[in-house]
Amino acid sequence: MYIWQKNQWQHIMQKRETLPHALLLRGCAGIGKQDFALELARSLLCKAPIETHACGECMSCLWFKEMHHPDFRMISPEDIESSDDAPKKKTAKKSQISVSQIRQLIDYLSLSQHQVNGYRVILISPAETLNVASANALLKMLEEPPANTLFLLVTNQPQRLLATITSRCQAIDMQLPTRQVALNWLEQQNLANAESLLDYAGGAPLIALQADADADLTADLIKQLALGAKLQPFMCATMLLSLGMELAIDTLQKWIFDLTTYKLTQKSQYHTQHISALQALCKSVNLNLLLGFQQKLVYAKKMANHPLSNEMQLENILLHYTKIFSAKTISTQF
Ligand SMILES: [Zn+2]
């Protein structure tokens with residue numbers, strides 16, 4: 002559990018004995034909702050919790066550590082192409098929770114639980130990756146929940162869940178930490194430039210941490226994006242994909258947001274270190290096309306979990322990007 006989740010934790014723990022059968026943890030990306038859910042599961046399954054926390058030493062905690070606790074299941078999008086001899090490519094990252102995964106869960110839950118009078122915890126994350134078929138299969142279970150079972154659903158995009166699923170869960174809104182709390186935490190993680198990374202991450206500390214790890218890749222990407230009409234869509238798509246589709250679109254959105262902001266107000270929110278690149282691009286960018294492109298990204302973000310070819314989709318987006326700059330203006334510049 003992260004320091005900024007303390008109150009939420011206590012709030013849930015007060016109701017430890019009377020928890021509903023399903024909790025929906027929702028809030029923006031990068032604030033540790035899934036880690037919170039895992040910690041909650043661990044604590045509820047622990048045989049000798051210390052105050053409200055898992056002891057870390059009982060059989061249950063050891064099983065949990067090895068991720069094979071018989072009373073715990075985590076359902077996440079399946080990795081389809083996980084062939085052993087192929088190098089692990091993020092492009093193969095599967096983006097949906099399939100109906101067969103939920104059917105397996107139903108089979109598992111129809112067996113009695115391992116520990117007498119114990120709890121079973123099912124973690125579904127990210128819940129917005131349920132497709133229509135798997136969401137409906139899950140709904141049936143939520144409508145007639147098995148005894149002593151807690152479903153934990155985690156989502157960044159609650160608006161994408163079926164309303165019928167949401168209404169069967171008790172929602173818990175997870176908040177962004179305050180800036181100071183986030184900065185203190187990042188400094189404890191030995192981040193040198195915590196302030197600018199936190200700005201880039203829109204205040205979400207775990208995204209800031211990830212941005213630090215991806216710093217080299219992001220720098221290369223910005224170099225490409227700064228080429229404007231001369232960007233190489235195919236090469237750039239490959240680079241973006243290694244971030245995963247959602248983060249790829251997010252990276253583009255931040256760049257386009259700043260390009261628009263700079264064009265209109267000569268300010269930048271996320272790319273304060275790349276003002277000269279933004280300035281140069283603003284001379285040739287067509288504002289109407291830029292706004293149209295922004296809409297395209299909003300749509301792409303909604304589709305980020307759709308099982309289309311992500312690579313093709315990104316190439317298409319980047320080709321579009323090269324067309325929002327007017328070649329004419331560039332040539333008159335020099
Ligand atoms: Zn324990």
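So the mapping is simple: this note's numbering equals the position in the sequence shown, first residue as 1, plus 1. C-beta: ideal position from N, C-alpha, C; glycine also. These figures come from a predicted structure and were not determined experimentally.
If you measure from the beta carbon of residue i to each beta carbon in chain E, is any gap under 9 Å?
| i | result |
| --- | --- |
| K324 | Judged by its chain identifiers, the structure shown contains no chain E, having just a single protein chain. |
Tell me, to the nearest whole angstrom, how far the beta carbon of residue i is from that of residue j; I am working on the premise that it is less than 8 Å.
| i | j | result |
| --- | --- | --- |
| A193 | Y201 | Going by Cβ atoms, the distance from A193 to Y201 rounds to 14 Å, so no, they are not a contact pair. |
| A138 | V100 | 5 Å |
| C237 | Q254 | C237 to Q254, Cβ: 15 Å. No contact. |
| M175 | R27 | 7 Å |
| Y109 | N149 | That pair is no contact at about 14 Å. |
| L199 | L187 | 6 Å |
| K284 | H321 | K284 to H321, Cβ: 20 Å. No contact. |
| R180 | G203 | Between G203 and R180 the Cβ distance is about 11 Å, and since that is not below 8 Å, they are no contact. |
| Q6 | G33 | 7 Å |
Three-state secondary structure (DSSP) at residue i?
| i | result |
| --- | --- |
| R74 | strand |
| R17 | helix |
| L192 | coil |
| D174 | strand |
| L291 | helix |
| T386 | Because the chain spans 2 through 335 in this model, residue 386 falls outside it and cannot be assessed. |
| T337 | Limits of the chain in this structure are 2 at one end and 335 at the other, which puts residue 337 out of reach. |
| R169 | coil |
| T179 | coil |
| A278 | helix |
| L162 | coil |
| L198 | helix |
| L222 | helix |
| P23 | Strictly speaking, residue 23 in this sequence is Ala, with Pro absent from that position. Correct three-state label for A23: strand. |
| I325 | coil |
| L242 | helix |
| I32 | coil |
| L143 | helix |
| L315 | helix |
Measuring CA to CA, which of the options is closest to residue i?
| i | options | result |
| --- | --- | --- |
| R17 | F65, G57, L46, A227 | L46 |
| V286 | I173, L320, G229 | G229 |
| I223 | T252, G204, P178, V299 | T252 |
| T273 | S197, Q35, C170, Y109 | S197 |
| L248 | E188, H69, A301 | A301 |
| Y271 | K264, C283, I257 | I257 |
| I123 | S310, L24, K324, P50 | L24 |
| D72 | E79, P78, W64 | W64 |
| Q160 | A212, I107, L131 | L131 |
| D36 | T19, I4, A212, L143 | I4 |
| K141 | K264, I107, K48 | I107 |
Using 10 angstroms around the beta-carbon of residue i, count the other beta-carbons present and answer buried if the total reaches 16, otherwise exposed.
| i | result |
| --- | --- |
| S61 | buried |
| K303 | exposed |
| E145 | exposed |
| A128 | buried |
| R169 | buried |
| G293 | exposed |
| E67 | exposed |
| L154 | buried |
Nearest-angstrom Cα distance between residue i and residue j?
| i | j | result |
| --- | --- | --- |
| T239 | H54 | 43 Å |
| I98 | Q105 | 12 Å |
| P234 | L218 | 16 Å |
| S243 | E58 | 37 Å |
| K231 | A281 | 13 Å |
| A214 | L207 | 11 Å |
| P78 | T156 | 13 Å |
| A134 | I166 | 13 Å |
| L291 | M75 | 41 Å |
| Q15 | I51 | 14 Å |
| S269 | L162 | 33 Å |
| P88 | G245 | At P88 the pLDDT is 45, less than 50, meaning the model places this residue with poor confidence; the figure from the coordinates comes in the next sentence. Taking the straight line joining both Cα atoms gives about 16 Å. |
| Q158 | C29 | 8 Å |
Neighbourhood of ligand 3 [Cβ distance below 7 Å to any heavy atom], ordered by chain position: Looking for ligand 3 in the displayed structure turns up nothing; the ligands present are ligand 1.
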